[in-house]
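Reading through the structure tokens given below for one structure.
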Amino acid sequence: MEIEIATIGGYEEVGRQMTAVRAGDDIVIFDMGLNLSKVLIHDNIRTEGMHSLDLIDMGAIPDDRIMSDLEGDVQAIVPTHGHLDHIGAISKLAHRYDAPVVATPFTIELVKQELQDEQKFDSGNDLVKMDPGETMSIGDSGQVDLEFVNVTHSIIDAINPVLHTPEGAVVYGLDKRMDHTPVIGDPIDMERFREIGREGEGVLCYIEDCTNANKKGRTPSENVAREHLRDVLYSMEDYDGGIVATTFSSHIARVKSLVEFAKDIGRQPVLLGRSMEKYSGTAERLDFVEFPDDLGMFGHRNSVDQSFERIMNEGKENFLPVVTGHQGEPRAMLTRMARGETPYELDNGDKVVFSARVIPEPTNEGQRYQAEKLLGMQGARVYDDIHVSGHLCQEGHYTMLDALQPQHIIPAHQNLKGLSGYVDLASNNGYKLGRDLHVTSNGNIIQIV
Ligand SMILES: [Zn+2]
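Heads up: the sequence shown begins at -9 in the working numbering, then just goes up one per residue.
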């Protein structure tokens, strides 16, 4: 059976991920993502009403026109998890394919919300839920199956999809870290990866998340970030002024830890900001997390400001607002607070906890610098970097190669410089650039079989 892999997006950047695998007559698309930084760099662009081709020209979504060079039928569109760089282009591209979107329940719910917000296109694609550990048949040949292997990442319900073909398995490894003690959900299913590496024809091709490929060592468990956060918040137990925290809205495990530790130090947590309400509300509705009954979640500007007024009236020392704005995004809640645009008044000595790290990209770095300076001008004390990454570092990559023993590797989810650490690691383990280690760019098709 012929096997081809089209590397459509995310092979020159972190963002706008999209890969298609053709096995005989059947094609499965993995991820359809958005490169948010290409959107945010323009002031006040609203993507909801924009045409796909304009977004492709901006470099914001994958240029999927190469799909016409693949001879087969798209049978499924499979986003691996709910981050925007993996689902953010579904509303713009999926309608061109007569195929269902297949994903885990939390991811499907986020895709559904993306499709509801879309104003330009009407996607009629079926939304099909599949749980980690499950398998479905692809196409009519009876020879191709799609399996979801449970992985751990900085968002819940993440999987690595595996396409089983008569030539071996194609394992799509975006995005994950190896967490054996996650705060929510099951540990990564390494046992299954080791089985896939040894059963049948083994692994034909592994596509790997190289976000942290230049970093040595091992990415710690979410439990490490949780204990770090506990230490920081418990140290503030006696402080009788304002404490504010921020983190990735989609990082439900982290939000859960913040909510718990706020309660532990005698403060009422409140989630504020549109995406805080969106992700935590969705996770709670789908029973992925149980928050205290009295946890407030407010997204709309008016209800957020009312909540701030209540906090000021009843005393800042009784509350712990968890807000958006960990990257200093100009319109996010923390930045508005720093500029004095909300009813919440920061005083000398108030604490601001960033349970996040700055995404190393000039726009973020500049915005985050500005937000921190503004917070400092109000007298706030900043606690930075209480975080662990959601992506494998080099020892995780080594362990994955050992488990899967793939015949071919395609490094992804980085630019060329970012891929270099992975090329070194794979080369040191017997792979050869151009033979079985395929460094590629967006818009290529690699014939594997
Ligand atoms: Zn991700």
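We put the CB at the ideal spot given by N, CA and C, even for glycine.
These numbers come from a predicted model, not from an experiment.
Exercise. Do E198 and D169 have their CB atoms nearer than 7 Å?
Worked result: Position 208 of the sequence shown, counted from the start, is the residue given in the question as residue 198. Position 179 of the sequence shown, counted from the start, is the residue given in the question as residue 169. With contacts defined by Cβ atoms closer than 7 Å, E198 and D169 do not form a contacting pair.
Exercise. Using CA coordinates, which residue listed in C383, K246, N202 and G256 is at the minimum distance from E227?
Worked result: The residue labelled residue 227 in the question sits at position 237 within the sequence shown. Of C383, K246, N202 and G256, the residue nearest in Cα terms is G256.
For this session: Measure the beta-carbon distance from L310 to A252 and round it to whole angstroms, keeping in mind my assumption that it falls under 8 Å.
Result: Counted from its first residue, the sequence shown places residue 310 at position 320. Counted from its first residue, the sequence shown places residue 252 at position 262. By a beta-carbon distance limit of 8 Å, L310 contacts A252. Their separation comes to about 4 Å.
For this session: Classify A215 as helix, strand or coil using the three-state DSSP reduction.
Result: As a working note, residue 215 is residue 225 in the sequence shown. Three-state DSSP puts A215 in a helix.
Problem set entry | Beta-carbon proximity list for S27, same chain, < 7 Å, skipping 5 on both sides | Taking the first residue of the sequence shown as position 1, residue 27 is located at position 37. Hits under 7 Å: G5, E351 and T353.
Exercise. What whole-angstrom Cβ distance do G356 and T209 have, given they're in contact under 8 Å?
Worked result: Here the question's residue 356 lines up with position 366 in the sequence shown. Here the question's residue 209 lines up with position 219 in the sequence shown. No, G356 and T209 are not in contact; Cβ-Cβ is about 27 Å, not under 8 Å.
For this session: Could you tell me whether the stretch 374 to 393 touches the stretch 260 to 269, where touching means 3 or more Cβ pairs closer than 8 Å?
Result: Three or more beta-carbon pairs separated by less than 8 Å are not found between the stretch 374 to 393 and the stretch 260 to 269, which leaves the two stretches without contact.
Problem set entry | Any non-hydrogen atom of ligand 1 within 6 Å of H73 CB | Here the question's residue 73 lines up with position 83 in the sequence shown. Answer for H73: yes, Cβ within range of ligand 1.
For this session: Take the Cβ of Q106 as the centre, count every other Cβ of all protein chains shown within 10 Å, and call the residue buried at 16 or more, exposed below.
Result: As a working mapping, residue 106 is identified with position 116 in the sequence shown. If you draw a 10 Å sphere on the C-beta of Q106, you find fewer than 16 other C-beta atoms in it, and that means exposed.
For this session: May I ask you to check if the CB of D169 is nearer than 6 Å to at least one heavy atom of ligand 1?
Result: In the sequence shown, counting from the first residue as 1, residue 169 sits at position 179. Taking 6 Å as the cut-off, the C-beta of D169 does not count as close to any heavy atom of ligand 1.
For this session: Leaving out five residues on either side along the sequence, give the residues of the same chain with a beta carbon under 7 Å from the beta carbon of V101.
Result: As a working note, residue 101 is residue 111 in the sequence shown. Correct list, in chain order: P69, I77, I80, V91, A93 and L117.
For this session: Take L427 and list the residues in its own chain whose beta-carbon comes closer than 6 Å to its own, dropping the five residues that flank it on each side.
Result: Along the sequence shown, read from residue 1 onward, the residue named residue 427 stands at position 437. Only residues of its own chain outside the window of five on either side were considered, and among them I399, A416 and Y421 have a CB closer than 6 Å to the CB of L427, listed in chain order.
For this session: State yes or no: is the C-beta of D165 nearer than 6 Å to some heavy atom of ligand 1?
Result: The residue you call residue 165 lines up with position 175 of the sequence shown. D165: yes, Cβ under 6 Å from ligand 1.
Exercise. Which whole runs of the alpha helix (DSSP H) in the stretch 319 to 384 are 4 residues long or more, in chain order?
Worked result: Those alpha helix (DSSP H) runs which fall completely within the stretch 319 to 384 and span 4+ residues are 323 to 328 and 352 to 367.
Problem set entry | At least three beta-carbon pairs within less than 8 Å, the stretch 37 to 55 to the stretch 166 to 182 | Contact between the stretch 37 to 55 and the stretch 166 to 182 is absent, because fewer than three Cβ pairs lie under 8 Å.
For this session: Could you tell me whether the Cβ of E108 comes closer than 7 Å to any Cβ of chain D?
Result: In the displayed structure, chain D is absent; only one protein chain is listed.
Exercise. Would the stretch 322 to 335 and the stretch 227 to 237 be scored as touching if the rule is three or more Cβ pairs under 8 Å?
Worked result: Cβ pair count under 8 Å is three or more, so yes.
Exercise. Which one of D230, E181, D16 and H290 has the shortest CA to CA distance from Y87?
Worked result: As a first step, residue 87 must be located in the sequence shown, where it is residue number 97. Scanning D230, E181, D16 and H290 for the CA closest to the CA of Y87 turns up D16.
Problem set entry | CB-CB length for G158 against Q397, believed under 8 Å | If you number the sequence shown from 1, residue 158 lands on position 168. If you number the sequence shown from 1, residue 397 lands on position 407. Between G158 and Q397, the beta carbon gap of about 7 Å places them in contact (Cβ cut-off 8 Å).
For this session: Identify, in the order they occur along the chain, each residue of the same chain with its Cβ nearer than 7 Å to the Cβ of G72, setting aside the five sequence neighbours on each side.
Result: Stepping through the sequence shown from its first residue, residue 72 is reached at position 82. Around G72: F96, T97, L100, I145 and S240.
For this session: Could you work out which residue in A13, K110 and M8 is closest to G39 when comparing CA atoms only?
Result: Stepping through the sequence shown from its first residue, residue 39 is reached at position 49. Closest in C-alpha terms to G39, from the list A13, K110 and M8, comes K110.
Exercise. Which partner residues does V139 have in the DSSP bridge list?
Worked result: The residue labelled residue 139 in the question sits at position 149 within the sequence shown. Residue pairing from DSSP places V139 in a beta bridge opposite N150.
Exercise. Going by beta carbon distance, what residues of the same chain come within less than 7 Å of N308, once the five residues before and after it are set aside?
Worked result: For the purposes of this step, residue 308 is taken as residue 318 along the sequence shown, with counting starting at 1. Around N308: R257 and Q258.
Problem set entry | Reference V11, options R220, S247 and D135, closest by Cα | Position 21 of the sequence shown holds residue 11. The option with the nearest alpha carbon to V11 is D135.
For this session: Could you please give the first and the last residue of the uninterrupted alpha helix (DSSP H) stretch that includes R167?
Result: The sequence position of residue 167 within the sequence shown is 177, counting from 1. No alpha helix (DSSP H) holds R167; DSSP gives it neither H nor E.
Problem set entry | Three-way DSSP call (helix, strand, coil) for E(-6) in this model | On the sequence shown, residue -6 is found 4 positions in, with the first residue counted as 1. Secondary structure at E(-6): strand, using DSSP grouped into helix, strand and coil.
For this session: Answer yes or no: do P401 and L391 have a C-beta to C-beta separation smaller than 7 Å?
Result: Here residue 401 refers to the residue found at position 411 of the sequence shown. Here residue 391 refers to the residue found at position 401 of the sequence shown. For P401 and L391, no; Cβs fall outside 7 Å.
Exercise. Among R167, G366, N338 and S42, which residue has its Cα nearest to the Cα of Y388?
Worked result: Position 398 of the sequence shown, counted from the start, is the residue given in the question as residue 388. Minimum Cα distance to Y388 is reached at R167.
For this session: Helix, strand or coil for N418, going by three-state DSSP, please let me know.
Result: The residue given as residue 418 occupies position 428 in the sequence shown. In this structure, DSSP gives N418 a helical state, which the three-state scheme calls helix.
For this session: Tell me whether G132 is buried or exposed, calling it buried when 16 or more other Cβ atoms sit within 10 Å of its Cβ.
Result: As a working mapping, residue 132 is identified with position 142 in the sequence shown. Exposed.
Exercise. What is the rounded straight-line gap between the Cα of D340 and the Cα of G369?
Worked result: As a position in the sequence shown, residue 340 is number 350, starting the count at 1. As a position in the sequence shown, residue 369 is number 379, starting the count at 1. For the pair D340 and G369, the Cα-to-Cα distance works out to about 7 Å.
For this session: Give the DSSP-derived three-state secondary structure of F251 in the structure shown.
Result: In the sequence shown, the residue the question calls residue 251 occupies position 261. Under the three-state reduction of DSSP output, F251 falls in the helix class.
Exercise. Between V139 and R184, is the Cβ-Cβ spacing less than 7 Å?
Worked result: Stepping through the sequence shown from its first residue, residue 139 is reached at position 149. Stepping through the sequence shown from its first residue, residue 184 is reached at position 194. One thing to note: V139 has its Cβ no nearer than 7 Å to the Cβ of R184.
Problem set entry | Pairwise C-alpha distance: F298 and R425 | For the purposes of this step, residue 425 is identified with residue 435 of the sequence shown, where counting begins at 1. For the purposes of this step, residue 298 is identified with residue 308 of the sequence shown, where counting begins at 1. Roughly 59 Å between the two C-alpha positions.
Problem set entry | Bridge partners - E198, DSSP secondary structure assignment | On the sequence shown, residue 198 is found 208 positions in, with the first residue counted as 1. Beta-bridge analysis with DSSP links E198 to G163 and P401.
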